[in-house]
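> In terms of my numbering, the sequence shown opens at residue 2 and continues consecutively. We put the beta carbon where it would ideally sit given N, CA and C, even for glycine.
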Amino acid sequence: MDTEQGLAQAEPLAPLGAYPTLRRHGDWLFVSGMSARQADGGCAGVTHSDDGELQIDVALQTRVVIEKIRAALLSQGASLQDCVSLTCYLTDMRDFAAYNAAYAEFFDARNGPARTTVAVHQLPHPHMRVEITATACLGAAI
Numbered sequence: 002m003d004t005e006q007g008l009a010q011a012e013p014l015a016p017l018g019a020y021p022t023l024r025r026h027g028d029w030l031f032v033s034g035m036s037a038r039q040a041d042g043g044c045a046g047v048t049h050s051d052d053g054e055l056q057i058d059v060a061l062q063t064r065v066v067i068e069k070i071r072a073a074l075l076s077q078g079a080s081l082q083d084c085v086s087l088t089c090y091l092t093d094m095r096d097f098a099a100y101n102a103a104y105a106e107f108f109d110a111r112n113g114p115a116r117t118t119v120a121v122h123q124l125p126h127p128h129m130r131v132e133i134t135a136t137a138c139l140g141a142a143i
């Protein structure tokens with residue numbers, strides 16, 4: 002199996018449109034939608050088998066997205082524990098279990114942020130399966 006992209010790049014890239022990666026208002030931090038998009042235009046977690054079949058690792062994409070959120074928050078002196086709310090977008094709810102398992106590596110039900118997960122028709126790149134926006138408040142860490 003040939004890997005197109007891995008977990009190598011977990012830093013936020015410049016947005017695809019006219020909006021900031023992160024907006025700060027006082028102690029509040031609003032992180033724009035993060036995806037597994039990589040600097041070369043591809044997406045993390047995409048593999049092609051020897052017969053050419055495309056496979057997308059949603060768990061890996063979820064980890065990359067959350068690491069990008071972590072990096073954006075760190076730029077403002079915050080951490081994932083300062084997140085108070087996340088909105089997560091999946092292109093296929095059949096991927097929910099893999100996404101949810103990867104998410105649980107970073108957050109738990111007791112101390113994690115409020116979360117909404119919704120299905121969307123598509124995201125900007127055909128290999129993107131996960132996008133997450135975050136709202137954090139400095140000092141919210143429990």
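1) DSSP three-state call for residue 59: helix, strand or coil?
2) Just reading off the alpha helix (DSSP H) that residue 90 is part of, what are its end residues?
3) How many Å lie between residue 118 and residue 25 at the Cα?
4) From residue 59 to residue 100, what distance separates their C-alpha atoms?
5) If contact is defined by three or more beta carbon pairs under 8 Å, each pair taking one atom from either stretch, is the stretch 107-117 in contact with the stretch 41-55?
6) I'd like the span of the beta strand (DSSP E) that includes residue 120, first residue to last.
With the given structure in hand:
1) helix
2) That residue, residue 90, is in no alpha helix (DSSP H); its beta strand (DSSP E) goes 84-91.
3) 24 Å
4) 6 Å
5) no
6) 115-120
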